[in-house]
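Q: This is the structure I want to talk about, given as structure tokens.
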Amino acid sequence: MVEKATRAEHEKIVNSLVARLKQNNKYNAIGINISYNVNGIEGDVDVLTYNSDSKTYHFYEVKVNYTSNTYSKALHQFKNYRKAYPERNVKGIFVSKDRVRRLK
Numbered sequence: 100m101v102e103k104a105t106r107a108e109h110e111k112i113v114n115s116l117v118a119r120l121k122q123n124n125k126y127n128a129i130g131i132n133i134s135y136n137v138n139g140i141e142g143d144v145d146v147l148t149y150n151s152d153s154k155t156y157h158f159y160e161v162k163v164n165y166t167s168n169t170y171s172k173a174l175h176q177f178k179n180y181r182k183a184y185p186e187r188n189v190k191g192i193f194v195s196k197d198r199v200r201r202l203k
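The sequence shown begins at 100 in my numbering and counts up one residue at a time.
In structure tokens, the structure reads:
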């Protein structure tokens, strides 16, 4: 039951984030729950945006709670994405219910 509640809370954070990003009007594309498998590197992205003016992707990794462990997992996911797509200009953002932090 806890897992189901956590999943629901995760989806709530993702949906809230996407709603805010859509209001911003600076992204040409917003993708949700994107899986990738490139050159043997596999992963998923909670929210991925693209701005054609700056040619920048924003990689948003959502975790329900902020801990050093969840941040480390998000950072690992971000680094894998950057390895899969080295030609892309990608900025990483960690999002939880109580914190937003840059992944670098």
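In this text, a Cβ means the ideal position worked out from N, Cα and C, and glycines have one as well. Computed from a predicted structure; not experimentally measured.
(1) Using beta-carbon positions only, say whether Y196 and I131 come within less than 9 Å of one another.
(2) Which whole-angstrom value describes the C-beta separation of T155 and N188, a residue pair presumed to lie in contact below a C-beta threshold of 8 Å?
(3) Which residues in the same chain have their Cβ closer than 8 Å to the Cβ of T105, if we skip the five residues on either side of it in sequence?
(4) Looking at A128: is its Cβ nearer than 9 Å to the Cβ of T148?
(5) Return the bridge partner residues of S148 from the DSSP annotation.
A: So, from the listed chains and residues:
(1) Position 97 of the sequence shown, counting from 1, holds the residue named residue 196. Position 32 of the sequence shown, counting from 1, holds the residue named residue 131. Residue identity differs from the one stated: residue 196 is Lys in this sequence, not Tyr. No, these two residues do not count as a Cβ contact at 9 Å.
(2) As a working mapping, residue 155 is identified with position 56 in the sequence shown. As a working mapping, residue 188 is identified with position 89 in the sequence shown. Right, their Cβ atoms sit about 5 Å apart.
(3) Taking the sequence shown and counting its residues from 1, the one referred to as residue 105 is at position 6. Closer than 8 Å at the Cβ level, and outside the excluded window around T105, lie V163.
(4) Translated into the one-based positions of the sequence shown, residue 128 becomes position 29. Translated into the one-based positions of the sequence shown, residue 148 becomes position 49. Contact: yes.
(5) Stepping through the sequence shown from its first residue, residue 148 is reached at position 49. Rather than Ser, the amino acid found at residue 148 in this sequence is Thr. I129, H157, per the DSSP bridge assignment.
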